[in-house]
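Encoded as structure tokens, the structure appears first; notes follow it.
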Amino acid sequence: MKAEQGWSATAQLAIAVTMLMGTLSACTTLPGGFGVGRSASPPPEAALADPSAQAFANALPTTGTVGAALDDTDRQAAAKAEIEALEISRTGAPVTWKNPETESSGVVVPGPTYIVNNQECRDYTHTLSAGGAEQLLRGRACRSGDGTWRPLN
Numbered sequence: 001m002k003a004e005q006g007w008s009a010t011a012q013l014a015i016a017v018t019m020l021m022g023t024l025s026a027c028t029t030l031p032g033g034f035g036v037g038r039s040a041s042p043p044p045e046a047a048l049a050d051p052s053a054q055a056f057a058n059a060l061p062t063t064g065t066v067g068a069a070l071d072d073t074d075r076q077a078a079a080k081a082e083i084e085a086l087e088i089s090r091t092g093a094p095v096t097w098k099n100p101e102t103e104s105s106g107v108v109v110p111g112p113t114y115i116v117n118n119q120e121c122r123d124y125t126h127t128l129s130a131g132g133a134e135q136l137l138r139g140r141a142c143r144s145g146d147g148t149w150r151p152l153n
């Protein structure tokens, strides 16, 4: 790094280190994750008391190898991960979940936020792994009047 006139090399190094630290502080590795984004663990039984979470769980497949292999705890964890991805994840930052009892897991990747009819909406993908198979889901959700996310498909 070449020192600019008026800036000492030490000051420039301090600025560079500060910028690097700020950039690195945004990166996290969480248990059960893939090194990027967030990780959602299976939620407690009461987690689906929220009608929004129940709507996401109900939108998951129930047939085929993957759908038939998902148990209620898997569906709860998957729904929680979808809502978490929509609510707090950056575009493209995955939210992972895994049920250690069934070995079922998933990765939810949210797309950018956009507005439709004055509602905040996001598309997302959810790769589900269960029963020895994998299935890619594509979903769309919008924020309802009460502030919760609701799946559209």
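Counted from 1, the sequence shown has number 68 at position 68 by this note's numbering; the numbering is strictly sequential.
Glycine residues also receive a C-beta, built at the ideal position from the N, C-alpha and C atoms.
Because the structure is a prediction, the values reported are computed rather than measured.
Q) The alpha helix (DSSP H) with G111 in it runs from where to where? A) Here residue 111 corresponds to residue number 111 of the sequence shown, with the count starting at 1. Run containing G111: none in the alpha helix (DSSP H); it sits in the beta strand (DSSP E), 105 to 116.
Q.
So for R123, helix, strand or coil by DSSP?
A. Along the sequence shown, one-based indexing puts residue 123 at 123. The question names Arg, but residue 123 is Asp in the sequence shown. Collapsing the DSSP output to three states places D123 in a strand.
Q. To which residues of the same chain is D71 closer than 7 Å at the C-beta, ignoring the five residues directly before and after it?
A. Your numbering for residue 71 matches position 71 in the sequence shown. Around D71, the same chain offers T102 as residues with beta carbons nearer than 7 Å, after the five sequence neighbours per side are excluded.
**Q.** Sequence-distant residues of its chain with Cβ nearer than 8 Å to Y124 (five each side left out)
**A.** Counting from 1 along the sequence shown, the entry for residue 124 is found at position 124. Leaving aside the five residues that flank Y124 on each side, the residues in its chain whose CB is nearer than 8 Å to its CB run, in chain order, E82, A85, L86, V108, V109, P110, G111, R138, G139, R140, A141.
Q.
If distances are taken between C-alpha atoms only, which option among H126, Q119, T148, A55 comes closest to V66?
A. Position 66 of the sequence shown, counted from the first residue, corresponds to residue 66. Per the Cα distances, H126.
Q) In chain order, what residues of the same chain lie with their CB nearer than 7 Å to the CB of T91, ignoring the 5 residues before and after it? A) Counting from one through the sequence shown, the residue named residue 91 turns up at place 91. Cβ-Cβ distances below 7 Å link T91 to P110, G111, P112 in the same chain, with the five nearest sequence neighbours on each side left out; the list follows chain order.
**Q.** 8 Å contact criterion, which T96 and S105 should meet: CB distance rounded
**A.** As a working mapping, residue 96 is identified with position 96 in the sequence shown. As a working mapping, residue 105 is identified with position 105 in the sequence shown. That pair is a contact at about 7 Å.
Q: Kindly list the residues whose CB is nearer than 7 Å to the CB of R75, restricted to its own chain and excluding five residues on each side of it in sequence; keep chain order.
A: Along the sequence shown, one-based indexing puts residue 75 at 75. Contacts found: A57, L60.
Q. Among L128, S129, R122, which one has its Cα closest to the Cα of R143?
A. Start at 1 with the first residue of the sequence shown, and residue 143 comes out as number 143. Taking the Cα of R143 as reference, the smallest distance to any Cα among L128, S129, R122 is reached at R122.
Q) Going by Cα to Cα distance, which pick from V116, A130, Q119 is closest to A78? A) Working through the sequence shown from its first residue, we reach residue 78 at position 78. Just measuring C-alpha positions, the residue of V116, A130, Q119 sitting nearest A78 is A130.
(Q) Within a Cβ cutoff of 7 Å, which residues of the same chain sit near A133, ignoring the five residues on either side of it in sequence? (A) By one-based count along the sequence shown, residue 133 stands at place 133. Excluding its 5 nearest sequence neighbours in each direction, A133 has C-beta neighbours in its own chain below 7 Å: T65, V66, listed in chain order.
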